[in-house]
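Those sequence lines, one after another, are chains A and B.
Numbering-wise, the first sequence is residues 8 to 224 according to the working numbering.
Numbering-wise, the second sequence is residues 1399 to 1522 according to the working numbering.
Below is one structure, written out as structure tokens; comments come after it.
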Amino acid sequence: NQSLPPPSSLPAVPPLPLLQALQARAASSRGWRAGPASGQPLRYMLNLYRRAADREGRPRRGRSLGTNTVRLVRARSHGGQPWAGRWYVQPLTYRLEGQPAAEHLLRAAVVYLPSLPLAHGRLLCALELVATSETPGALLSPAARTRRSWAEVDVTPYLLPGRGMGSLVLRHVCVRAGRAVGHDAPVAPSHPFLLLYLNDTQAGLAPPAAEPHRHRR
Amino acid sequence: DTGMLAHDLPGYLREQGGEKSDCSLRPFPVSFAQLGWDHWIIAPHRYNPRYCKGACPRLLRYDYHAPNHAVVQSFVHQLVDANVPRPSCVPYRYSPISVLMIERDGGILYKEYENMIAESCTCR
Chain A
8 NQSLPPPSSL PAVPPLPLLQ ALQARAASSR GWRAGPASGQ PLRYMLNLYR RAADREGRPR
68 RGRSLGTNTV RLVRARSHGG QPWAGRWYVQ PLTYRLEGQP AAEHLLRAAV VYLPSLPLAH
128 GRLLCALELV ATSETPGALL SPAARTRRSW AEVDVTPYLL PGRGMGSLVL RHVCVRAGRA
188 VGHDAPVAPS HPFLLLYLND TQAGLAPPAA EPHRHRR
Chain B
1399 DTGMLAHDLP GYLREQGGEK SDCSLRPFPV SFAQLGWDHW IIAPHRYNPR YCKGACPRLL
1459 RYDYHAPNHA VVQSFVHQLV DANVPRPSCV PYRYSPISVL MIERDGGILY KEYENMIAES
1519 CTCR
């Protein structure tokens, strides 16, 4: 049983809140190694870009993406401590308001790593759709394995068609498989990210408003 | 007055010889930092929008894709009223580029923008 020893077996235990605070600090000082570099979304998009365009930025023939716009939406995590023993359960929300009206959704997919190597064993992960008033919960199975062991789960049906798409709420569930040795620093897997394949019906450069506020030269 | 044209044909033909000042496509590699867009554009690293520059020859060759209006305007400039300018040397065909950029909320956007590289010039 990997969970922390019950407080009763600890030596004279300080009051519980302090214990939690100490444990939390201990966990952080043990250096929660984030999952693979947090730049994973950026690396994924750079690979996507290199497949779609040459070094001058010219789209390659046959446009492998099938559209002119792909937006990567990062997850916002909420909820408390995701780890419980071998289990990691992290609720994630992808906010979709404010999509430009000219961008029409063609397809949406969540990209994550279904299996992550650990020092001892592996971290096996899956995605769950959290039930809402419109849709029942569901375990999402990857539609396709992309390069470098990423898995893509098609979530198009769960995104409201057209404007005003609210948000997508998922649960990222992982379990540590294999022998747990001592106090392995739990590796927090990086958050899955959402890809929106959109058709931008305007060819023009993004209006200045889209550009982060900058002093004009 | 075709007589005059025929008389001056050598001059015209010499000009057709592709003076350096003729309307043509020229390279201009630029960085997104120079455009002040480097904060949000990650790729491509190199961008050469190219541009058209040069005088439109008085007798517009067919390969300039010049509309009839430009041919007429050119004659008006020479034969009727020099205040009417010669046709201008401007891009004729373009091609798109794909851009990878960071969005304000930390998202990452791949987008193809039309008409970002001039591929040929015309006189209009």
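For every residue, glycine included, the Cβ atom is placed at its ideal position computed from N, Cα and C.
What residue does the alpha helix (DSSP H) around residue i start on, and which one ends it?
i       : result
V1469/B : N1466 to F1473
P48/A   : Q47 to A59
Counting only beta-carbon atoms, is residue i nearer than 8 Å to chain B?
i      : result
A59/A  : yes
V118/A : no
R93/A  : no
V80/A  : yes
N75/A  : yes
R65/A  : yes
L177/A : no
D207/A : yes
W39/A  : Reliability fails at W39/A, whose pLDDT of 33 lies under 50, so the model's placement of it is uncertain and no value is given.
P107/A : no
L166/A : no
P199/A : no
L53/A  : yes
P48/A  : yes
R62/A  : yes
Can you tell me whether DSSP reads residue i as helix, strand or coil?
i       : result
L103/A  : coil
P96/A   : Contrary to the premise, residue 96/A reads as Val rather than Pro in this sequence. Strand at V96/A.
V180/A  : strand
R1478/B : The question names Arg, but residue 1478/B in the sequence shown is Val. Three-state result, V1478/B: helix.
T74/A   : coil
S84/A   : strand
D1436/B : coil
T163/A  : helix
D207/A  : strand
Q156/A  : For the sequence presented, residue 156/A should be read as Ser rather than Gln. Helix, per DSSP.
S1429/B : coil
E135/A  : strand
S174/A  : strand
R129/A  : strand
D1503/B : coil
With a cut-off of 8 Å, does the C-beta of residue i fall near any C-beta of chain A?
i       : result
P1494/B : yes
V1497/B : yes
E1517/B : no
R1444/B : yes
Y1508/B : yes
A1468/B : no
A1441/B : yes
C1521/B : no
In the DSSP assignment, the beta strand (DSSP E) including residue i goes from what residue to what residue?
i       : result
P1494/B : C1487 to I1500
P124/A  : S122 to P124
S1422/B : S1422 to R1424
L1457/B : That residue, L1457/B, is in no beta strand (DSSP E); it is neither H nor E in DSSP.
T1520/B : I1506 to C1521
Y1449/B : Y1449 to K1451
H111/A  : E110 to Y119
R65/A   : Run containing R65/A: none; DSSP gives neither H nor E here.
A145/A  : A145 to L147
I think residue i touches residue j, with their Cβ atoms under 8 Å apart; what is that distance to the nearest whole Å?
i       : j       : result
A59/A   : D207/A  : With a Cβ gap of about 14 Å, A59/A and D207/A do not count as contacting.
P121/A  : A82/A   : Contact doesn't hold; Cβ gap of about 16 Å is too wide.
F1426/B : N1446/B : 6 Å
L125/A  : V80/A   : About 28 Å; that fails the 8 Å criterion.
Y204/A  : R114/A  : 4 Å
H1443/B : T1520/B : Not a contact, Cβ separation roughly 30 Å.
L112/A  : L72/A   : Rounded, the Cβ-Cβ distance is 14 Å, inconsistent with contact.
Report yes or no: is there a C-beta of chain C within less than 8 Å of the C-beta of residue i?
i       : result
G1504/B : Annotation note: the requested chain C is absent from the structure, which comprises protein chains A and B.
Does the distance between the C-beta of residue i and the nearest non-hydrogen atom of the ligand FMN fall short of 7 Å?
i     : result
T76/A : Among the ligands in the structure shown, none appear at all, so the ligand FMN cannot be discussed.
Legend entry - Validate contact between the stretch 1461–1472 of chain B and the stretch 1438–1446 of chain B using beta carbons, cut 8 Å, 3 pairs: The answer is no - the stretch 1438–1446 of chain B does not touch the stretch 1461–1472 of chain B, with fewer than three Cβ pairs under 8 Å.
Inset, instruction - Tell me, please, whether the stretch 1506–1522 of chain B touches the stretch 48–55 of chain A by the rule of three or more beta-carbon pairs shorter than 8 Å. - result: Touching, per the Cβ criterion.
Legend entry - the stretch 1446–1456 of chain B contacting the stretch 1484–1503 of chain B, beta-carbon criterion three pairs below 8 Å: With the cut-off at 8 Å, the stretch 1446–1456 of chain B and the stretch 1484–1503 of chain B touch.
Legend entry - Stretch-stretch touch, CB-based, cutoff 8 Å, three pairs: the stretch 174–185 of chain A with the stretch 96–116 of chain A: Contact between the stretch 174–185 of chain A and the stretch 96–116 of chain A is present, because at least three Cβ pairs lie under 8 Å.
Legend entry - Sufficient close CB pairs (3 or more, under 8 Å) joining the stretch 1490–1497 of chain B to the stretch 1510–1521 of chain B: Contact between the stretch 1490–1497 of chain B and the stretch 1510–1521 of chain B is present: three or more C-beta pairs spanning the two stretches fall below 8 Å.
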